[in-house]
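S.K.: Following this message is one structure expressed as structure tokens.
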Amino acid sequence: DAGVIQSPRHEVTEMGQEVTLRCKPISGHDYLFWYRQTMMRGLELLIYFNNNVPIDDSGMPEDRFSAKMPNASFSTLKIQPSEPRDSAVYFCASRKSTYEQYFGPGTRLTVT
Amino acid sequence: AQSVAQPEDQVNVAEGNPLTVKCTYSVSGNPYLFWYVQYPNRGLQFLLKYITGDNLVKGSYGFEAEFNKSQTSFHLKKPSALVSDSALYFCAVRDTDSSASKIIFGSGTRLSIRP
Numbered sequence: 013d014a015g016v017i018q019s020p021r022h023e024v025t026e027m028g029q030e031v032t033l034r035c036k037p038i039s040g041h042d043y044l045f046w047y048r049q050t051m052m053r054g055l056e057l058l059i060y061f062n063n064n065v066p067i068d069d070s071g072m073p074e075d076r077f078s079a080k081m082p083n084a085s086f087s088t089l090k091i092q093p094s095e096p097r098d099s100a101v102y103f104c105a106s107r108k109s110t111y112e113q114y115f116g117p118g119t120r121l122t123v124t
Numbered sequence: 327a328q329s330v331a332q333p334e335d336q337v338n339v340a341e342g343n344p345l346t347v348k349c350t351y352s353v354s355g356n357p358y359l360f361w362y363v364q365y366p367n368r369g370l371q372f373l374l375k376y377i378t379g380d381n382l383v384k385g386s387y388g389f390e391a392e393f394n395k396s397q398t399s400f401h402l403k404k405p406s407a408l409v410s411d412s413a414l415y416f417c418a419v420r421d422t423d424s425s426a427s428k429i430i431f432g433s434g435t436r437l438s439i440r441p
């Protein structure tokens, strides 16, 4: 099993640009989660999906952030326009009916 | 509201000594508890969980955790620490307020093992 796959691993962009982060969950997992990790705020849940349907997006910071899951094997997190305060490590995680989540390696985003 | 607390930002232990990383929780209903470890520049890795059954739960890399209902604690332990155990450790609890699909993570404890 390849585990959760995220791309890119590193992204450096300028303020105002659109950023798209990608995630492929573990096959057969029906929940997908997007998290953001910073030194100041720790680990924050942004949004999660069940069977490709967004269930709770209360953690999404503002309208600049959006997430989609068009099918069971792919999800995107988009930031448009990006701002320096969006700089963080973004993690994707997936799980089945048991509650433990499996995390991807993360995307380190730097917005200058 | 559900919550989990890790009272120590950092724990320092000499190699070969036992280690304990503390976690306390507050939930309504039966707690589902987890420990995760994060190595530098990596995602979180699942270590172990408590759902029901024996209060002492064994997990990966020789770690174990003890569920104590009366003290609402779920401390992570290892009898003999290794330098390679140095990492960031997160305690987590299922959020029973929501649809129970979310888990709430603690703020993390940095474990440092000196040779």
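Chains A and B are the protein sequences, given in the same order.
In this text, residue positions in the first sequence follow our numbering: the first is 13, and each later residue adds one.
In this text, residue positions in the second sequence follow our numbering: the first is 327, and each later residue adds one.
A virtual CB, placed ideally from N, CA and C, is assigned to each residue, including glycine.
1) Closer than 7 Å between beta carbons: that is the criterion. Which residues of the region 41-69 of chain A meet it against chain B?
2) Any C-beta of chain A within less than 8 Å: which residues of the region 368-379 of chain B qualify?
3) When the Cα atoms are used, what is the spatial distance from Y415 of chain B to L33 of chain A?
4) Helix, strand or coil for G116 of chain A? Go by DSSP, reduced to three states.
5) Which residue comes first and which comes last in the beta strand (DSSP E) that contains H22 of chain A?
6) Starting from F389 of chain B and walking both ways along the beta strand (DSSP E), at which residues does that stretch end?
7) If you check the beta carbons only, do R420 of chain B and Y111 of chain A fall under 8 Å apart?
8) Chain B beta carbons: is any one of them nearer than 8 Å to that of Q92 of chain A?
9) Tell me which residue opens and which closes the beta strand (DSSP E) that E334 of chain B is part of.
10) Would you say F389 of chain B faces chain A, with C-beta separation under 8 Å as the test?
M.R.: In terms of the structure at hand:
1) Y43, G54, L55, L57, Y60, N62, I67, D68
2) R368, G369, L370, Q371, F372, K375, I377
3) 25 Å
4) coil
5) 22-25
6) Careful: F389 of chain B lies outside any beta strand (DSSP E) and carries neither H nor E.
7) yes
8) no
9) Run containing E334 of chain B: none; DSSP gives neither H nor E here.
10) no
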